[in-house]
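What follows is a short report on a single structure.
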Amino acid sequence: MAHQITFLQLEALVAIADMGSFEAAGRKLGSVQSGVSRHVRELEGQFPKPLFERSSRSARLTVDGLEVLSQARTILQQRDALLSQYASEKILRRSLRLGVTELAALTWLPGYIEALRSTYPLVNVELEVGGVAADLYEKLRLARLDLAIVPDSPRWADMLRFPLANVRNGWFCSPTFNLKRRRLAVSELGQLTLLSQSGDSAAGHVMSKWLERNGVQPRSILTCNNFAALGGMASAGLGIACLPNAISDELVTLGMLREVHVGPVMPPVRYVAVARQDALTPFHRKVVTLARATCNYGTRYQDAGSREPLVTLDREAK
């Protein structure tokens, strides 16, 4: 009898490998665990040796299973590339596992999702909003994400990186904070309590390196990997916060924060779209192009959404 291997069987195998269990693979594929198990049994029936270790309680692949997994990934990527290249955007049916950090979620992400849905109405977008870029990078490396939009870092050197935007952070404090002057030298920050994201985050890393280059050893730093919380802490007078404009503008307008100009100016944080080279398809490149067209880290979405026209991919942009 001729061997019959289906895309569903290959998708089940890849999902189990990526998610670590049959149950998690079922959730990812929108199927029940028994359905995933059936597809795997059917696939294993095509080969003389088992694909999974039966003695292990976890979903552990055998040596043969790893070989089949590698080929399965290649076949599915070729299928996706074919569909991305030649299928109409309006009938393309697939998933997009997208990871973003907090700042994108607070600014341009809603408009981006709207543009994605308009361009690819049948694509199911699975969002992961992470606290720090390193968490998203690890999921991307483990093939649990297709694309991540994160601050740039040398740590992503093994990935494809597509520049999106530069984001500048400024210094802000409460009007009641014990600081008489609105302009400071960077050396004076060492005598204040600084409010910042941790060194694991891009903003925190850029700030730490900038202080180090200028010979500043802060007396006190309070770290929090949530920009909105940092804005609240600064408003409460707990210190001087390193914040992007999208967070600070509203609080300044409400009189809860005031800007402190510090020289020299801190360098910007570069944001990029990151993807694994072995998994990039024409579809993902179009998704990145759409991200470039819609990204705006300067304004919160509720302030900008009603004024920005919907962006879609025209034929020339593809």
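Following full-length UniProt numbering, the numbering of the sequence shown begins with 1 at its first residue and continues without gaps.
Beta carbons: idealized from backbone N, C-alpha and C, even for Gly.
The structure displayed is predicted, hence computed values, not measured ones.
Where does residue i sit, in a helix, a strand or coil, going by DSSP?
i	result
N225	coil
G99	strand
D314	Per-residue confidence for D314 stands at a pLDDT of 49, beneath the threshold of 50, marking its modelled position as unreliable; the derived number appears in the next sentence. Here D314 sits in coil by DSSP.
G45	coil
F52	strand
S235	helix
N124	strand
A143	coil
S88	coil
S220	strand
D200	coil
W108	coil
S153	coil
My understanding is that residue i touches residue j, with C-beta atoms under 8 Å, so please give their C-beta distance in whole angstroms.
i	j	result
C224	N169	Not a contact, Cβ separation roughly 14 Å.
E126	S88	The Cβ separation is near 22 Å, so there is no contact.
F162	A273	4 Å
G239	A185	About 18 Å; that fails the 8 Å criterion.
I247	A275	Not confirmed; about 28 Å, so no contact.
Enumerate in chain order the residues of its own chain whose CB-to-CB distance from residue i is below 7 Å, with the five nearest sequence positions on each side excluded.
i	result
E11	L29, L76
A317	Confidence at A317 is low in this model, with a pLDDT of 40, below 50, so the placement of that residue should be treated as unreliable; the coordinate-derived value is given next. Same-chain partners within the cutoff: T289.
Just grab the DSSP bridge partners of residue i for me.
i	result
E259	F172
R183	H261
T62	Answer by DSSP bridge pairing: none, since T62 is not bridged.
V274	A148, R161
N166	R270
G130	T101
I240	L194
As a quick exercise: from the options, pick the residue whose alpha carbon is nearest that of residue i.
i	options	result
N226	P244, R94, L211	P244
D64	Q71, L96, L51	L51
Q135	V123, A115, L98, G26	Sequence check: residue 135 is Asp here, not Gln. Here the closest residue by C-alpha is L98.
V167	E53, G255, V260, A202	A202
S235	L251, S220, L222	L251
D200	T101, A25, G190	T101
L222	R300, R27, G204	G204
R38	V206, M207, L13, D80	L13
T6	V260, D278, R73, S55	R73
V68	K139, A246, G45	G45
Q4	L142, G111, Y271, R41	R41
T62	G130, A81, A17	A17
D249	E128, S34, R285, Y301	Y301
L194	M19, L230, P267	L230
residue 324	L280, A291, T119, R292	Summary: the structure shown does not reach residue 324, with the chain confined to residues 1 through 318, and so no result is reported for it.
Using C-beta distances below 6 Å, list every residue in its chain close to residue i, excluding the 5 sequence neighbours before and after it, in chain order.
i	result
C295	W108, L164, A165
S306	Its pLDDT being 45, under 50, S306 is placed unreliably in this model, and the value from its coordinates should be taken loosely. Counting only Cβ-Cβ distances below 6 Å, and skipping sequence neighbours, we find nothing.
T176	G237
I149	V100, A104, A273
A15	A25, K28, L29
So, at 8 Å on beta carbons, what are the nonlocal neighbours of residue i in its own chain, with the 5 sequence-adjacent residues on each side left out?
i	result
S174	A234, S235, A236, G237, M256, L257, R258
G20	S58, A59
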